[in-house]
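K.L.:
Quick note: to get our numbering, add 62 to the position in the sequence shown (first position is 1). Handing you a structure now.
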Amino acid sequence: MDADRKTTGLKQLQGHMWRAAYKSGQVKGEVYNDVVPAIKQWIAEDRKIYIYSSGSVEAQKLLFGYSDKGDLLELFSGHFDTTIGAKVEKESYQNISKEIGIKEENLLFLTDVTREAKPATQAGLKTCIVVRPGNTELTEEEKKDFNIIHSFSELLSERREQKKKKC
Numbered sequence: 063m064d065a066d067r068k069t070t071g072l073k074q075l076q077g078h079m080w081r082a083a084y085k086s087g088q089v090k091g092e093v094y095n096d097v098v099p100a101i102k103q104w105i106a107e108d109r110k111i112y113i114y115s116s117g118s119v120e121a122q123k124l125l126f127g128y129s130d131k132g133d134l135l136e137l138f139s140g141h142f143d144t145t146i147g148a149k150v151e152k153e154s155y156q157n158i159s160k161e162i163g164i165k166e167e168n169l170l171f172l173t174d175v176t177r178e179a180k181p182a183t184q185a186g187l188k189t190c191i192v193v194r195p196g197n198t199e200l201t202e203e204e205k206k207d208f209n210i211i212h213s214f215s216e217l218l219s220e221r222r223e224q225k226k227k228k229c
């Protein structure tokens with residue numbers, strides 16, 4: 063754990079440990095203010111939203127089920143963790159595409175980690191780096207290689223047209 067390895071077994075153990083804290087209300091998942099309105103608009107536009115996290119599916123459901131914005135689980139069409147494959151492997155994104163029945167080129171992957179964006183792009187997904195306070199600073203090369211946003215609101219239809227975003 064000291065090495066911050068994102069192995070499936072460790073993440074599942076973490077999920078089990080968090081269950082009691084979330085259910086008791088001692089812990090709440092923190093969700094940025096721009097996330098829920100954006101997801102609700104995408105759903106209104108008949109888009110499906112999936113979570114792919116190095117955290118176990120159980121941990122994802124705890125975070126979004128007991129969030130500071132309430133229970134958000136109904137907003138998601140599904141959850142994926144490292145049992146589908148490592149987030150740094152192109153095949154993982156291809157596996158998700160097959161599982162949900164949507165072609166890679168019709169999927170948008172949002173992440174704050176360029177090591178994840180690279181294989182997603184190689185798999186054919188549109189990718190966008192979400193820069194938030196406290197994130198690791200992007201290199202100049204990463205800033206050139208990836209589309210970058212600072213808020214999900216930048217991806218909403220009307221703003222997207224104004225800014226001509228690629229992601």
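Cβ atoms here follow ideal geometry from the backbone N, Cα and C, with glycine treated the same way. These figures come from a predicted structure and were not determined experimentally.
Please say whether residue 111 and residue 129 have beta carbons closer to each other than 8 Å?
P.N.:
For the purposes of this step, residue 129 is taken as the residue at position 67 of the sequence shown. For the purposes of this step, residue 111 is taken as the residue at position 49 of the sequence shown. No, the Cβ-Cβ distance between residue 129 and residue 111 is not below 8 Å.
K.L.:
Nearest by alpha-carbon distance to residue 150: which of 141, 167, 134, 171 is it?
P.N.:
Here residue 150 is taken as the residue at index 88 of the sequence shown, counted from 1. Of 141, 167, 134, 171, the residue nearest in Cα terms is 171.
K.L.:
Would you report the Cα separation of residue 63 and residue 114, rounded to the nearest angstrom?
P.N.:
Indexing the sequence shown from 1 puts residue 63 at position 1. Indexing the sequence shown from 1 puts residue 114 at position 52. In this prediction, residue 63 scores a pLDDT of 46, lower than 50, which makes its location untrustworthy; the coordinate-derived value is nonetheless stated afterwards. Approximately 21 Å, taken between the alpha carbons.
K.L.:
Using a Cβ-Cβ distance under 8 Å, would residue 139 count as near chain C?
P.N.:
Among the chains in the structure shown there is no chain C, since it carries only a single protein chain.
K.L.:
For residue 214 and residue 100, which I take to be in contact (beta-carbon distance under 8 Å), what is that distance rounded to the nearest angstrom?
P.N.:
Here residue 214 refers to the residue found at position 152 when the sequence shown is read from its first residue. Here residue 100 refers to the residue found at position 38 when the sequence shown is read from its first residue. Correct: roughly 4 Å between the Cβ atoms.
K.L.:
Determine the closest residue to residue 104 out of 158, 92, 84, 169, with distance taken between C-alpha atoms.
P.N.:
Taking the sequence shown and counting its residues from 1, the one referred to as residue 104 is at position 42. When each option's Cα is compared against that of residue 104, the closest is 169.
K.L.:
Among 117, 211, 143, 123, which residue has its Cα nearest to the Cα of residue 136?
P.N.:
Taking the first residue of the sequence shown as 1, we reach residue 136 at position 74. Closest by alpha carbon: 123.
K.L.:
From this set, 85, 131, 75, which residue's C-alpha is nearest residue 118's C-alpha?
P.N.:
As a position in the sequence shown, residue 118 is number 56, starting the count at 1. Checked all of 85, 131, 75; the closest Cα to residue 118 is 75.
K.L.:
Classify residue 105 as helix, strand or coil using the three-state DSSP reduction.
P.N.:
As a first step, residue 105 is located in the sequence shown; it is residue number 43 there, counting from the start. Note: residue 105 maps to helix in three-state DSSP.
K.L.:
What would DSSP say about residue 84, mapped onto helix, strand or coil?
P.N.:
As a working note, residue 84 is residue 22 in the sequence shown. Of the three classes helix, strand and coil, the one that applies to residue 84 here is helix, per DSSP.
K.L.:
Looking only at its chain, what residues have a beta carbon closer than 6 Å to the beta carbon of residue 187, apart from the 5 residues adjacent to it on each side?
P.N.:
If you number the sequence shown from 1, residue 187 lands on position 125. Excluding sequence neighbours, residue 187 sits near 155, 166, 169, 171.
K.L.:
Is residue 162 closer than 8 Å to residue 191 when the C-beta atoms are compared?
P.N.:
Against the sequence shown, residue 191 aligns to sequence position 129. Against the sequence shown, residue 162 aligns to sequence position 100. Against a cut-off of 8 Å, the Cβ pair of residue 162 and residue 191 comes out as no contact.
K.L.:
Residue 121 and residue 80 look like a contact to me (Cβ under 8 Å); what is the Cβ gap, rounded to whole Å?
P.N.:
Taking the sequence shown and counting its residues from 1, one reaches residue 121 at position 59. Taking the sequence shown and counting its residues from 1, one reaches residue 80 at position 18. Rounded, the Cβ-Cβ distance is 6 Å, consistent with contact.
K.L.:
Taking Cβ to Cβ, would you say residue 145 is nearer than 8 Å to residue 116?
P.N.:
Counted from its first residue, the sequence shown places residue 145 at position 83. Counted from its first residue, the sequence shown places residue 116 at position 54. Result no, Cβ atoms of residue 145 and residue 116 do not sit closer than 8 Å.
K.L.:
From the DSSP output, in three-state form, read off residue 158 for me.
P.N.:
Here residue 158 is taken as the residue at index 96 of the sequence shown, counted from 1. Looking at residue 158 - three-state DSSP - the assignment turns out to be helix.
K.L.:
Quick check on residue 179: buried or exposed, where buried means 16 or more other Cβ atoms within 10 Å of its Cβ?
P.N.:
What you label residue 179 is simply residue 117 of the sequence shown in a count that begins at 1. Buried, since its Cβ has 16 or more Cβ neighbours within 10 Å.
K.L.:
Between the beta-carbon of residue 126 and the beta-carbon of residue 134, is there less than 8 Å?
P.N.:
The residue you call residue 126 lines up with position 64 of the sequence shown. The residue you call residue 134 lines up with position 72 of the sequence shown. Closer than 8 Å, so yes.
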